[in-house]
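In what follows, a structure is listed as structure tokens, so that the remarks can point back to it.
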Amino acid sequence: MPDTDPASKSMEAIVALCKRRGFVYPASEIYGGINGFWDYGPLGTALKNNIRDHWWKHTVECPPIGPDGEPVSIVGLDSSIIQNPRAWEASGHVGGFSDPMVDCTETKKRYRADQVLVMVSWDVEDGSGDEPNGAIDRLFAFNDSDDKSYALARKKAEKFAKKIGVTVASNPTIWPLTHAEFDGAYQYIVGPDTETPGTLTEPREFNLMFETFVGAIRDDSAKAYLRPETAQGIFLNYKNVLDTMRVKVPFGIAQIGKSFRNEVTPRNFIFRSREFELMELEWFCAPDDSPKWYDFWKHERMRWWESLGVSKSNLVFRDHAEDELAHYSKMCVDIEYKYPFTAPGYGELEGVAHRGCYDLNAHTRGTVNDKSGWKNEFSNAKMEYLDQERQQKAREAGLSKEEINAASKYIPNVIEPASGLTRGVLVLLCEAYTEDESRPSKVFMKFKPRFAPIKAGIFPLVNKDGMPEVAQKLYMGLREKFTCQIDAKQSIGKRYARMDEAGTPYCFTVDGDTLSGGTVTVRDRDSQSQERINIDQVEKFLAEKIGE
Ligand code: ATP
6 MPDTDPASKS MEAIVALCKR RGFVYPASEI YGGINGFWDY GPLGTALKNN
56 IRDHWWKHTV ECPPIGPDGE PVSIVGLDSS IIQNPRAWEA SGHVGGFSDP
106 MVDCTETKKR YRADQVLVMV SWDVEDGSGD EPNGAIDRLF AFNDSDDKSY
156 ALARKKAEKF AKKIGVTVAS NPTIWPLTHA EFDGAYQYIV GPDTETPGTL
206 TEPREFNLMF ETFVGAIRDD SAKAYLRPET AQGIFLNYKN VLDTMRVKVP
256 FGIAQIGKSF RNEVTPRNFI FRSREFELME LEWFCAPDDS PKWYDFWKHE
306 RMRWWESLGV SKSNLVFRDH AEDELAHYSK MCVDIEYKYP FTAPGYGELE
356 GVAHRGCYDL NAHTRGTVND KSGWKNEFSN AKMEYLDQER QQKAREAGLS
406 KEEINAASKY IPNVIEPASG LTRGVLVLLC EAYTEDESRP SKVFMKFKPR
456 FAPIKAGIFP LVNKDGMPEV AQKLYMGLRE KFTCQIDAKQ SIGKRYARMD
506 EAGTPYCFTV DGDTLSGGTV TVRDRDSQSQ ERINIDQVEK FLAEKIGE
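Residue numbers (the working numbering): 6 to 553.
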């Protein structure tokens, strides 16, 4: 069986297939592209929509069964990408949604400071371990997880070492560029893409939100932001939903949509782009129930990714350390995938965060502190929830008025499973990409059939003798239920090869025996085996194989 370990797959080959077969193209390619932006081609759009629809169905239309054996309650939303800018001040994004960034004054390149490492140690002949004069004045920076960048930094270090009569240690000490000890040492650091030291600026915070202007006047009063996450649109509508939808805590609001982050270093194909799509659920629950729900969603979301056909061995949980938590988060776990460019390590696919009552509090009057003091100007919304069941129970228990209030009034806590839809596309592309020297295409995309962009190929063996007409009739009967393609051009081998690269799970061929005996061949993408079935059975066959 071909290898399914992403570590053995080449990202260059996957990107090339995506271009060749119409999954993903560089945006504005004819103008030289635009860094961090991608266009989804016909097959990529279909794949993305299949993942999106599966998430919506299993989150909103047919949500999972909760810990108490009942389906959980979740409603959908589609909020505006641009909101009142005060919403982003209240949420903490204007003040705090930033990455540390360093610039190179020589090359004008910009790096995320937390993704740059520095090499600092030398072998000194006298064995004292002391660094010789001169060596101490030179540090070599390179991009984290980029072997070529490290090799280049080493080469530069070796050249310099030779000049001053020392050697670079075989295992040099490597520290993050942001390490406190480098304060004041930037003049000695040679940047990843330069020869001379001192061209890197000290890290400074860079806000990731894209700015725009609303209306005809372009001044600060008209400034607005493209949303960097869909979550805030949900918090802004929490009261609306509560007041209009007859939902009770615990419940969820789900939303899928475009998000924009002016990433300092977009990279790794569509993994980190500047425009991407998110699938977010905000789950509102009583504060004392929140650990139970955090645990529930953590496992539920892992199960969901497995339901897309992603193998268990390529997915892991990674709990965030306390110093890694975002400004709003109490606990957070990432679901990570073993991407070809992180293997044997893993990279983020989804974050499940316990946001506490941070956001609802932040959007409530008088609860935001922007370091200059408490501000009372964000909104007048009352986010407090009256839990009538708890109130009733407290009354029945004979508690005092204060005790009843304390037991039944609270600002709900939020558990947020936030997954990247476009990152999900990348995972399915990496997972499906399978090399196989035995077939003409040498590679096939092994999507789980229900996520494949095209479910069936329909081929007349030759483009004459009545075969095209029979194939056309078969196609017309299937097209409303399954995405299929009819193809009469080129040899049958070439047609199979094209469908293998598109990841089409089944191909039906109309041949001489169809005309005489009413059967077609079905070719299975993964095994390449062929069987004959009656032409009347094709629809049933596909329905069973593609299933739920
Ligand atoms: P990172 O630390 O990698 O910048 P994050 O932790 O800020 O990401 P979240 O804010 O938790 O990411 O976003 C939720 C999900 O959105 C991520 O798990 C990922 O799938 C997706 N995502 C975030 N940023 C990007 C991006 N620039 N391009 C594509 N997907 C992204």
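Think of the CB as a built atom: it goes at the ideal place given N, C-alpha and C, for glycine as much as any other residue.
Indicate whether Val527 and Glu536 have their beta-carbon atoms separated by less than 8 angstroms. As a first step, residue 527 must be located in the sequence shown, where it is residue number 522. As a first step, residue 536 must be located in the sequence shown, where it is residue number 531. Yes; because the gap between Cβ atoms is below 8 angstroms, this pair is in contact.
Let's see if you can read the secondary structure: which residues bound the beta strand (DSSP E) around His98? Position 93 of the sequence shown, counted from the first residue, corresponds to residue 98. Not the beta strand (DSSP E): His98 falls in the alpha helix (DSSP H), residues 98-101.
In the DSSP assignment, the alpha helix (DSSP H) including Tyr351 goes from what residue to what residue? Along the sequence shown, read from residue 1 onward, the residue named residue 351 stands at position 346. That residue, Tyr351, is in no alpha helix (DSSP H); it is neither H nor E in DSSP.
Is there contact between the stretch 119-126 and the stretch 174-186, where contact requires at least three CB pairs shorter than 8 angstroms? Taking 8 angstroms as the limit for Cβ pairs, the verdict is that the stretch 174-186 does touch the stretch 119-126.
Taking the C-alpha atoms as reference points, what is the distance between Asp531 and Ser413? By one-based count along the sequence shown, residue 531 stands at place 526. By one-based count along the sequence shown, residue 413 stands at place 408. So the two alpha carbons sit approximately 56 angstroms from each other.
Does the distance between the C-beta of Thr178 and the nearest non-hydrogen atom of the ligand ATP fall short of 7 angstroms? Position 173 of the sequence shown, counted from the first residue, corresponds to residue 178. In this structure, Thr178 has its beta carbon at no less than 7 angstroms from each heavy atom of the ligand ATP.
Is it right to say Phe218 is buried, meaning 16 or more other beta carbons lie within 10 angstroms of its own, or is it exposed? Stepping through the sequence shown from its first residue, residue 218 is reached at position 213. A residue is called buried once 16 or more other Cβ atoms fall within 10 Å of its Cβ, and Phe218, having fewer, is exposed.
To the nearest angstrom, report how far apart Val467 and Ser15 are at their CA atoms. Along the sequence shown, read from residue 1 onward, the residue named residue 467 stands at position 462. Along the sequence shown, read from residue 1 onward, the residue named residue 15 stands at position 10. Val467 and Ser15: Cα-Cα distance of roughly 36 angstroms.
Determine contact between the stretch 341-354 and the stretch 303-321, defined as no fewer than three beta-carbon pairs at a distance below 8 angstroms. Three or more beta-carbon pairs drawn from the stretch 341-354 and the stretch 303-321 are found closer than 8 angstroms, and the two stretches are therefore classed as touching.
Quick one: Cα of Leu520 to Cα of Phe513, how far? Counting from one through the sequence shown, the residue named residue 520 turns up at place 515. Counting from one through the sequence shown, the residue named residue 513 turns up at place 508. Near 14 angstroms, if we compare the C-alpha coordinates of Phe513 and Leu520.
On the CB-based measure, 16 or more other CB atoms within 10 Å of its CB, does Glu401 come out buried or exposed? Position 396 of the sequence shown, counted from the start, is the residue given in the question as residue 401. Burial call: exposed.
Taking Gly356 as the reference, give the member of Arg500, Ala236, Ala348 with the closest Cα. The residue labelled residue 356 in the question sits at position 351 within the sequence shown. Nearest of Arg500, Ala236, Ala348 to Gly356, Cα basis: Ala236.
Taking 7 angstroms as the cut-off, does the CB of Thr427 come closer than this to any heavy atom belonging to the ligand ATP? Reading the sequence shown from its first residue, position 422 is the one you call residue 427. Flag set: Cβ of Thr427 near the ligand ATP.
According to DSSP, is Met124 helix, strand or coil? Against the sequence shown, residue 124 aligns to sequence position 119. Of the three classes helix, strand and coil, the one that applies to Met124 here is strand, per DSSP.
Among Arg232, Asn267, Lys164, which has the Cα closest to the Cα of Glu210? Along the sequence shown, read from residue 1 onward, the residue named residue 210 stands at position 205. Checked all of Arg232, Asn267, Lys164; the closest Cα to Glu210 is Asn267.
Using the three-state DSSP reduction, which class does Met388 fall into: helix, strand or coil? Start at 1 with the first residue of the sequence shown, and residue 388 comes out as number 383. The answer is coil: DSSP assigns Met388 none of H, G, I, E or B.
Taking contact to mean at least 3 C-beta pairs separated by less than 8 angstroms, is the stretch 62-82 in contact with the stretch 256-271? yes
Can Phe274 be considered in contact with the ligand ATP, in the sense that its beta carbon sits closer than 7 angstroms to one or more heavy atoms? By 1-based counting over the sequence shown, the position of residue 274 is 269. Phe274: no, Cβ never under 7 angstroms from the ligand ATP.
Please classify Lys303: is it buried, with 16 or more other beta-carbons within 10 angstroms of its beta-carbon, or exposed? Start at 1 with the first residue of the sequence shown, and residue 303 comes out as number 298. Per the 10 Å Cβ criterion, buried.
Where Ala18 and Ala32 are concerned, what is the direct C-alpha to C-alpha distance, given to the nearest angstrom? Taking the sequence shown and counting its residues from 1, one reaches residue 18 at position 13. Taking the sequence shown and counting its residues from 1, one reaches residue 32 at position 27. Taking the straight line joining both Cα atoms gives about 19 angstroms.
So, does the stretch 433-449 touch the stretch 360-371, judging by three or more C-beta pairs under 8 angstroms? Contact between the stretch 433-449 and the stretch 360-371 is not established, with fewer than three Cβ pairs separated by less than 8 angstroms.
Simplified DSSP state of Tyr415, which is helix, strand or coil: As a first step, residue 415 must be located in the sequence shown, where it is residue number 410. Correct three-state label for Tyr415: strand.
When Lys469, Phe464, Asp470 are compared against Leu479, the one with the closest alpha-carbon: Taking the first residue of the sequence shown as position 1, residue 479 is located at position 474. Ranking the options by Cα distance to Leu479, first place goes to Phe464.
Please state whether the Cβ-Cβ distance between Glu430 and Leu354 is less than 8 angstroms. On the sequence shown, residue 430 is found 425 positions in, with the first residue counted as 1. On the sequence shown, residue 354 is found 349 positions in, with the first residue counted as 1. Sequence check: residue 430 is Val here, not Glu. The answer is no: Cβ separation not under 8 angstroms.
Can you list, in chain order, the stretches of the beta strand (DSSP E) that have 3 or more residues and sit fully within the stretch 270-318? 280-290
Residues in its own chain within less than 6 angstroms of Asp516 by CB, not counting five upstream and five downstream? By 1-based counting over the sequence shown, the position of residue 516 is 511. Hits under 6 angstroms: Leu466.
Of the listed residues Asp294, Thr206, Asp518, Arg159, nearest to Glu111 (C-alpha basis): Working through the sequence shown from its first residue, we reach residue 111 at position 106. The shortest C-alpha separation from Glu111 is found at Thr206.
With a threshold of 16 other CB atoms inside 10 Å of the CB of Thr5, please say whether the residue is buried or exposed. Nothing in the structure corresponds to residue 5, since the chain is present only between 6 and 553.
The ligand ATP and Phe281: does any heavy atom of the ligand fall closer than 7 angstroms to the residue's C-beta? Reading the sequence shown from its first residue, position 276 is the one you call residue 281. Yes, the ligand ATP has a heavy atom inside 7 angstroms of this Cβ.
Three-state class that DSSP yields for Gln260 in the structure shown: On the sequence shown, residue 260 is found 255 positions in, with the first residue counted as 1. Of the three classes helix, strand and coil, the one that applies to Gln260 here is strand, per DSSP.
In three-state terms, what does DSSP make of Val467? Numbered from 1 along the sequence shown, position 462 holds the residue referred to as residue 467. It is coil, neither helix nor strand.
What separation, rounded to the nearest whole angstrom, lies between the Cα atoms of Pro556 and Arg484? Any answer about residue 556 is impossible in this case: the structure gives the chain only from 6 up to 553.
Quick check on DSSP: helix, strand or coil for Gly371? Locating residue 371 in the sequence shown gives position 366, where the first residue counts as 1. The pLDDT assigned to Gly371 is 45, lower than 50, so where the model puts this residue is not dependable; a value taken from the coordinates is nonetheless given after this. Of the three classes helix, strand and coil, the one that applies to Gly371 here is coil, per DSSP.
Any chance the stretch 418-430 sits against the stretch 486-499, with 3 or more Cβ pairs inside 8 angstroms? no
Kindly list the residues whose CB is nearer than 7 angstroms to the CB of Cys109, restricted to its own chain and excluding five residues on each side of it in sequence; keep chain order. Residue mapping note: residue 109 aligns to position 104 of the sequence shown, counting from 1. If we look at Cys109 and ignore the five residues flanking it on each side, its Cβ neighbours are Gly196, Asp198, Thr199, Thr204, Leu205.
Determine the direct distance from the alpha carbon of Gln397 to that of Asn245, and round the result to whole angstroms. By one-based count along the sequence shown, residue 245 stands at place 240. By one-based count along the sequence shown, residue 397 stands at place 392. Using only the alpha carbons, I get a separation of about 25 angstroms.
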